[in-house]
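Dropping the structure here:
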């Protein structure tokens with residue numbers, strides 16, 4: 142690995158740890174993203190299914206799904222359903238510290254589960270910070286036992302075998318029109334989940350810290366019964382809401 146790549150990994154790791162330690166709100170990041178015209182927000186239909194409160198940040202590691210279709214030669218045998226899906230278990234990943242598992246197939250896949258209790262338990266064992274699925278998941282009780290947050294649209298008893306197959310691993314995937322690339326930065330909390338390109342992270346993180354500091358100052362004033370300034374005044378003084 143060349144020195145420039147090592148430095149990039151170190152910088153991004155330090156920044157994600159800074160985000161995590163300060164629990165910077167996704168609302169703050171969304172405001173910055175909107176102002177700068179960068180990044181995206183995963184649709185709100187994808188929500189935590191095994192925890193009420195969560196916060197995680199990490200680099201995306203993507204799995205792209207596609208529907209199984211007939212080939213040009215309908216007499217030709219196709220690979221087994223297991224062979225079509227097995228790479229969703231990320232065989233090239235042995236330690237997932239600092240990574241977020243992200244899987245999607247374009248539209249939201251709500252009728253078949255993109256993961257389940259065994260696979261998510263394995264992802265937790267590998268060290269993934271969280272799991273973001275562009276569709277359904279299954280095995281409620283097993284997921285509830287995990288500390289690792291799992292985000293999905295809904296539960297379903299049906300898996301993907303025979304209906305969908307893994308198209309790519311470690312490249313990119315689409316979730317309801319939102320493109321997520323491997324190494325994009327994923328930040329998720331109770332407000333929602335945002336995606337940031339890694340090359341803008343340095344400037345955005347320090348701006349986010351400044352914004353959060355300003356908002357805490359405004360909140361302190363609002364909680365002070367002796368300070369009679371209106372919220373309009375405070376916002377205009379600090380150019381922040």
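Residue numbers (my numbering): 142 to 382.
All C-beta atoms, glycine included, are put in the ideal place defined by N, C-alpha and C.
- The straight-line gap separating the alpha-carbon atoms of residue 183 and residue 248 is approximately 12 Å.
- Of the residues 190, 359, 310 and 176, the one whose Cα lies closest to the Cα of residue 254 is 190.
- Rounded to whole angstroms, the gap between the alpha carbons of residue 294 and residue 242 is 15 Å.
- In summary, residue 373 is exposed, with fewer than 16 beta-carbon neighbours lying within 10 Å of its beta-carbon over all protein chains present.
- A residue is called buried once 16 or more other Cβ atoms fall within 10 Å of its Cβ, and residue 259, having fewer, is exposed.
- By the CB criterion at 9 Å, residue 283 and residue 257 fall inside the cutoff.
- Counting along the chain, the unbroken beta strand (DSSP E) around residue 322 starts and ends at 319 to 322.
- In the displayed model, residue 187 falls within coil according to three-state DSSP, outside both helix and strand.
- For residue 330, the enclosing beta strand (DSSP E) stretches over residues 326 to 330.
- The Cβ atoms of residue 275 and residue 237 lie no closer than 9 Å to each other.
- A Cβ-Cβ contact shorter than 9 Å links residue 310 with residue 204.
- According to DSSP, residue pairing for residue 305 in a beta bridge involves 208.
- Along the length of the region 266 to 315, whole beta strand (DSSP E) runs at least 3 residues long occupy 271 to 274, 291 to 293 and 305 to 310, reported in chain order.
- In this structure, residue 161 sits near residue 198, with a CB-CB distance shorter than 9 Å.
- Relative to residue 334, the option among 178, 159, 353 and 186 whose CA is nearest is 186.
- Of the candidates 340, 291, 155 and 202, the residue whose Cα lies closest to the Cα of residue 196 is 291.
- Note that the C-beta distance between residue 165 and residue 326 is not below 9 Å.
- Separation of residue 297 and residue 277 (C-alpha to C-alpha, rounded to the nearest whole angstrom) is 6 Å.
- Note on geometry: alpha-carbon atoms of residue 317 and residue 180 lie some 15 Å from one another.
- Using a 10 angstroms sphere on the CB of residue 349, the tally of other CB atoms reaches 16 or more, which defines it as buried.
- The DSSP-derived three-state label of residue 356 is helix.
- Between residue 167 and residue 330, the C-beta spacing is below 9 Å.
- Secondary structure note for residue 231: it is in no alpha helix (DSSP H), with a DSSP letter that is neither H nor E.
- In the DSSP assignment, residue 197 forms a beta bridge with 329.
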